Amino acid sequence: MSASYARKSPRAHGLWFLLVLLTASFLPAQTAAPQPPPTVVFMTDFGVIDDSVALCKGVMYGIAPNLRIVDLTHQVNAFSIADGARFLFGATPYFPAGTVFVVVVDPGVGSSRKAVVVKSKRGQFFVLPDNGLMTMVEDRDGIDGIREITNSDWTIGAKISSTFHGRDIFSPVGAHIARGDDWTQVGPEMRGLVRLNLKPAEVGDKGLSGEVIAIDGPFGNLITNISAEDFLKLGYQRGDRLKVTIAGHEVELPFAKTFSDVPLKQPCGV
0 MSASYARKSP RAHGLWFLLV LLTASFLPAQ TAAPQPPPTV VFMTDFGVID DSVALCKGVM
60 YGIAPNLRIV DLTHQVNAFS IADGARFLFG ATPYFPAGTV FVVVVDPGVG SSRKAVVVKS
120 KRGQFFVLPD NGLMTMVEDR DGIDGIREIT NSDWTIGAKI SSTFHGRDIF SPVGAHIARG
180 DDWTQVGPEM RGLVRLNLKP AEVGDKGLSG EVIAIDGPFG NLITNISAED FLKLGYQRGD
240 RLKVTIAGHE VELPFAKTFS DVPLKQPCGV
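For what it's worth, numbering that gives the first Met the number 0 labels the leading residue of the sequence shown as 0, then goes sequentially.
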């Protein structure tokens with residue numbers, strides 16, 4: 000069949016159209032890029048000696064089998080809400096919007112304290128007790144919404160333990176949100192959160208005063224509440240000597256860029 004005949008014959012034109020349709024039907028389909036698994040960042044003060052962390056993960060996997068769980072730490076000092084708030088503050092900038100943080104540092108478990116879901120203005124979700132854990136993140140990132148956890152369909156239900164809300168409330172709720180369930184269905188809106196009374200560092204005529212808020216794991220570094228921005232207001236340059244008073248004892252040490260700038264076992268400020 001010639002091309003000129005196809006233009007003159009309606010029947011031939013129909014055959015050409017059918018041929019085009021058949022050819023198109025056998026073209027390889029465009030495959031969408033695979034979606035990454037939903038992510039839960041999990042932090043507790045449970046430690047890793049017993050099965051508590053694994054039980055919580057089992058609950059989450061039962062709801063969202065394709066879940067990716069990142070262990071931030073389970074070595075928060077027992078009952079230390081301030082330490083938990085600090086770790087959370089340090090972690091959130093490194094995770095994308097949509098990440099769900101399940102945080103269980105809960106000395107008031109079983110009491111009248113509320114279990115909540117918080118959405119930050121960064122688009123991240125936090126499933127945790129309302130006890131001050133969100134204080135530092137709230138100050139930096141802002142809050143887009145708060146809801147109290149009351150929906151029993153999202154929790155263990157009638158079997159909820161009075162002392163293990165990490166397994167029975169926070170873990171299942173975190174998994175529901177991570178798999179894409181509508182977080183507003185978790186319970187009613189709330190207006191505000193419990194806050195920690197964190198004392199800020201102060202810049203004055205005599206210098207800068209702050210507090211030691213933690214010791215850096217096995218290394219022994221003292222972590223303070225003094226920000227780099229506040230410290231730099233004093234005008235120090237790398238290599239300058241700093242006079243530091245800690246618990247009434249004055250020490251002099253160099254302002255260094257890194258630990259290797261000073262001899263082994265010598266203190267420095269970085």
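Every residue gets a Cβ at the ideal spot worked out from N, C-alpha and C, and that includes glycine. Model, not experiment: these values are computed from the prediction.
Using only alpha-carbon positions, find the residue among 84, 140, 88, 152 that is nearest to residue 195. Comparing Cα positions, the closest option is 84.
In terms of residues, what are the limits of the alpha helix (DSSP H) holding residue 56? DSSP places residue 56 in the uninterrupted alpha helix (DSSP H) bounded by 51-62.
Whole angstroms is fine: what's the gap from residue 253's alpha carbon to residue 261's? Answer to the nearest angstrom: the Cα atoms are 8 Å apart.
Bridge partners for residue 251 per DSSP, in chain order? Note: residue 251 sits in a beta bridge opposite 242.
With 16 other CB atoms within 10 Å as the buried threshold, where does residue 20 fall? Since pLDDT at residue 20 reaches only 46, below the 50 mark, its modelled position is unreliable, and the value read off the structure follows with that caveat. It is exposed - the Cβ of residue 20 has fewer than 16 other Cβ atoms within 10 Å.
Since residue 171 is in the alpha helix (DSSP H), which residue starts that stretch and which ends it? Boundaries of the alpha helix (DSSP H) harbouring residue 171: 170-177, taken from the DSSP string.
Taking just the CA atoms, how far does residue 145 sit from residue 188? Inter-residue distance for residue 188 and residue 145 is about 6 Å (C-alpha atoms, whole angstroms).
Opposite residue 270 in the DSSP bridges: which residues? Residue 270 is absent from the structure shown; the chain starts at 0 and stops at 269.
Quick one, which of 266, 219, 245, 246 has its alpha-carbon nearest residue 275's? An answer regarding residue 275 cannot be provided, because it is not within the stretch 0 to 269 covered by the chain.
Where does the unbroken beta strand (DSSP E) through residue 213 begin, and where does it stop? For residue 213, the uninterrupted beta strand (DSSP E) run begins and ends at 211-215, by DSSP.
May I ask which residues mark the beginning and end of the beta strand (DSSP E) holding residue 228? No beta strand (DSSP E) contains residue 228, which is instead part of the alpha helix (DSSP H) from 227-231.
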